[in-house]
Amino acid sequence: MISVSSLGKWYGDQTLFTGVSFQLNRGERYGLIGANGSGKTTLLNILAGDLEPSEGSVSTPKQLKLGVLRQDQFIFDEAEILGVAMMGNPELWEALAEKEEMLASDDAFDADRFFQLEETIERHDGYAAESRAAEILEGLGLPTEVHRRPMSTLSGGFKLRVLLAQALAGSPDVLLLDEPTNHLDILSIRWLEKFLRDFAGPVVVISHDHRFLDNISTHILDVDYQTVTLYRGNYDDFLRGKESERERREKEIASREKEIAHHQQFVDRFRAKASKARQAQSKLRLIEKKADSLEALPVSSRRYPRFRFEPRRHSGREVLRIEGVRKAFGDNEVLHGVDLTVNRGDRMAIMGPNGIGKSTLLKIVMGELDADAGETEWGYETHPGYFAQDHQEQFESPDHTAQDWISGFCPGRTIGYIRGELGRVLFSGDEAEKKLEALSGGEAARLVFCRLAIERPNVLVLDEPTNHLDLESIEALVEALLEFDGTLIFVSHDRWFVSRLANRIVEISTEGIRDYQGSYEAYVHECGDDHLDVDTVVLKARTQKREKKGSSGEESKSGDADRSRELAGRRNEVMARIETAESRIESIESVFADPEFYEGAAAEEVRVLESERNALLAEVEDLVAEWEQIEEELERLSSDG
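Position in the sequence shown counted from 1, then plus 683, gives you this note's numbering.
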């Protein structure tokens, strides 16, 4: 669908990539990876048409609709959340908005223009657009009750979810997504994976989430060595393929170098002998020819920090005790009496959806926030080190440099020691003089880990430590934490990260806390299915909602048979009402589809019909949802019997 030919991009004497050619095909999903600054986002912007290449071309069919995730979270602050999601299809959104203005206006009714707008809305399946956008918003963790609120009421992370919904909801032909999993919790990531696997067009995704890339990618586009290389398979396949290709080229170069050395020995030995001079000269020409064709392996743009965490001493056996901790923000109680004991050597992952109280719990145990009830107590000789999710707030003086900030944690140390520690986390040379306010999220995170290495805690408390790190830094962090001989307490939505590190899973949900001693994979197996699959969670929520409605209405019937008969009767009523409503909607739409209707129709008549249709569409949506619930309960009663 999209062809890239001989593409190149550079700024001055800095070449990001050159000679890039590939094709994006329908139904294929491309993970776009590379080191920070290698040109991933630049390539995505070129594909989106937002940036011109320095050379080459991108061939895109006319009328192709792109769904692009943009990161400007403040541009729609005054707009309604559902409306922002629907703006993913600009032509449809503008037609819907203009139609609403016409119906609300007292000006003379323009029948021809209204008919044109109706045609546009019908062509884009516009009357299903609102429910489609609402479903996507719910999948991304924004419940129905917030859809009519302005964007300004959301936090930055949830604003980015709305922008992601905007990219998905416009019925695009191609999706171009830059870090879509940022600020998503596990449930939303699982929902997004399913959405992308079902998407019919090509998808290009930049992500630092290893498991996400494994689950969705059919191909990997690797930005490295100043070019872009296409690999088949997911991220794990790419790692094996790239390593194998590197080893093959290294062996090929070593073999040629050995051959050149052998010919050189002959030249050195016989160059002075007249009888061998001709052969020596011939060998010399052969050496020059082989040397000219011998290309050195290019240097990778990938850089791996060397994180190191060495506890100053061992703690006591009991590291942390949490008893009856409660916390509410206004009427919203997020922690409902937490009881946990953490022992030395635990690698405890705290998991659950956003807003459930995970970060709040860490802030309470670290003394950053007071609990409403209960207490926490650190054990004997514990020295916790804290990585906060909002770690950039720890930089009290943003005009200071990275070196200034680290110096404050190691008084009396030489400049050589400080520079060495900074170099481990990729702040070498002039990078150590970067101002704190100018640091990227990944750079700030690496700097905090540098501080933790210097402080040498024996308990690491980490809140979403991978949020801003690239793949190389995440892999390096995992290796360092595996070698850490202390206790680890961490919150993360990165399933690969959790699966590599955790030996204990604590999941916080609305039902309470589930504490499991074992790995993430064992925990999922113990649950009988992946309970973090969004389909499972949604079904469970619907069931609970239905049960809650049932408990507040009439008393339930004594037997399953009576209940089944009652449900079957209600199902027939619902289906009859759906048919009646849909028939009326069809009649109204056939009236709207007739150009002659607008010649004699008054604006008020159009408004009345439009209002009736909207009410019927909403009624059908509610009835279909009720019908689904009835079918689910009938199926459950049937299986129980």
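All C-beta atoms in this analysis are idealised placements derived from N, C-alpha and C, irrespective of residue type, glycine included.
Measuring only the C-alpha atoms, how far is residue i from residue j?
i: His902; j: Leu1184; result: 27 Å
i: Asp795; j: Pro1278; result: 8 Å
i: Gly702; j: Ser721; result: 15 Å
i: Leu715; j: Ile889; result: 5 Å
i: Ala1121; j: Ser1294; result: 53 Å
i: Ala1259; j: Ser1273; result: 21 Å
i: Leu896; j: Ser1321; result: 40 Å
i: Leu734; j: Leu1045; result: 42 Å
i: Trp1088; j: Arg1096; result: 13 Å
i: Ala1159; j: Tyr918; result: 16 Å
i: Arg1134; j: Lys1118; result: 16 Å
i: Thr1149; j: Phe1070; result: 11 Å
i: Pro863; j: Ile758; result: 18 Å
i: Leu1292; j: Arg1267; result: 11 Å
i: Cys1093; j: Thr1084; result: 15 Å
i: Phe1132; j: Glu783; result: 53 Å
i: Gly839; j: Gly1124; result: 14 Å
i: Ser1111; j: Asp1073; result: 25 Å
i: Leu1003; j: Ala1205; result: 24 Å
i: Gly1057; j: Glu1006; result: 6 Å
i: Asn865; j: Ser1175; result: 12 Å
i: Arg832; j: Glu761; result: 9 Å
i: Met834; j: Trp776; result: 17 Å
i: Leu1105; j: Ser1182; result: 29 Å
i: Val887; j: Gly809; result: 26 Å
i: Gln1075; j: Asp1082; result: 13 Å
Suppose contacts are defined by Cβ-Cβ distances below 8 Å. Is residue i in contact with residue j by that definition?
i: Pro1140; j: Pro988; result: no
i: Arg991; j: Ala1136; result: yes
i: Ala778; j: Val751; result: no
i: Asp905; j: Gly717; result: yes
i: Gly1040; j: Leu1018; result: yes
i: Gly1068; j: Glu1138; result: yes
i: Leu1130; j: Val1108; result: yes
i: Ile869; j: Met1031; result: no
i: Arg1027; j: Arg1000; result: yes
i: Val1008; j: Leu726; result: no
i: Ala1285; j: Phe792; result: yes
i: Thr724; j: Asp907; result: no
i: Met684; j: Asn719; result: no
i: Glu1316; j: Leu1250; result: yes
Residue i: buried (16+ other C-beta within 10 angstroms of its C-beta) or exposed?
i: His891; result: buried
i: Lys941; result: exposed
i: Ala1208; result: The identity of residue 1208 in the sequence shown is His, whereas the question assumes Ala. Exposed: under 16 other Cβ atoms inside 10 Å.
i: Phe1012; result: exposed
i: Tyr1063; result: exposed
i: Ala848; result: buried
i: Cys1187; result: Before going further, note that residue 1187 is Arg rather than Cys in the sequence given. Buried, because 16 or more other Cβ atoms sit within 10 Å of the Cβ of Arg1187.
i: Gln697; result: exposed
i: Gly1169; result: buried
i: Thr1193; result: exposed
i: Ser689; result: exposed
i: Arg694; result: The question names Arg, but residue 694 in the sequence shown is Tyr. Result: exposed.
i: Ile1098; result: exposed
i: Leu1165; result: exposed
Take residue i and list the residues in its own chain whose beta-carbon comes closer than 7 Å to its own, dropping the five residues that flank it on each side.
i: Arg880; result: Ile899
i: Phe921; result: Ile903, Asp905, Tyr914
i: His830; result: Ile764, Leu765, Ala817, Leu820
i: Ile1271; result: Leu1292, Glu1295, Arg1296
i: Ile1191; result: Ile1033, Gly1035, Ile1039, Gly1040, Lys1041
i: Asp1022; result: Ile1005, Glu1006, Gly1007
Can you list, in chain order, the residues of its chain whose CB lies under 6 Å from that of residue i, leaving out five sequence neighbours each side?
i: Arg1331; result: The structure shown does not extend to residue 1331, since the chain is modelled only from 684 through 1324, so no value can be given for it.
i: Ser742; result: Ser686
i: Leu1152; result: Gly1125, Ala1128
Under 8 Å by Cβ, that's how I've got residue i and residue j pegged, so tell me the actual separation to the nearest angstrom.
i: Leu851; j: Gly771; result: 7 Å
i: Leu786; j: Arg1290; result: 5 Å
i: Pro736; j: Gly766; result: About 34 Å; that fails the 8 Å criterion.
i: Val1048; j: Thr1065; result: Their Cβ separation, rounded to whole angstroms, is 11 Å, which puts Val1048 and Thr1065 out of contact at 8 Å.
i: Met769; j: Glu828; result: The pair is not a contact, with the Cβ atoms about 18 Å apart (cut-off 8 Å).
i: Leu825; j: Phe841; result: 7 Å
i: Ser854; j: Leu823; result: Wrong, their Cβ atoms sit about 17 Å apart, outside the cutoff.
i: Arg753; j: Leu846; result: 6 Å
i: Val1142; j: Ser984; result: 36 Å between Cβ atoms; not a contact.
i: Ala1054; j: Gln1086; result: Incorrect: roughly 37 Å between the Cβ atoms, too far for contact.
If you drop the 5 nearest sequence neighbours on each side, which residues of the same chain put their C-beta closer than 8 Å to that of residue i?
i: Val1307; result: Ile1261
i: Asp1113; result: none
Comparing the CB of residue i with every heavy atom of the ligand FMN, is any distance shorter than 7 Å?
i: Leu726; result: Although the ligand FMN was asked about, the structure shown includes no ligands whatsoever.
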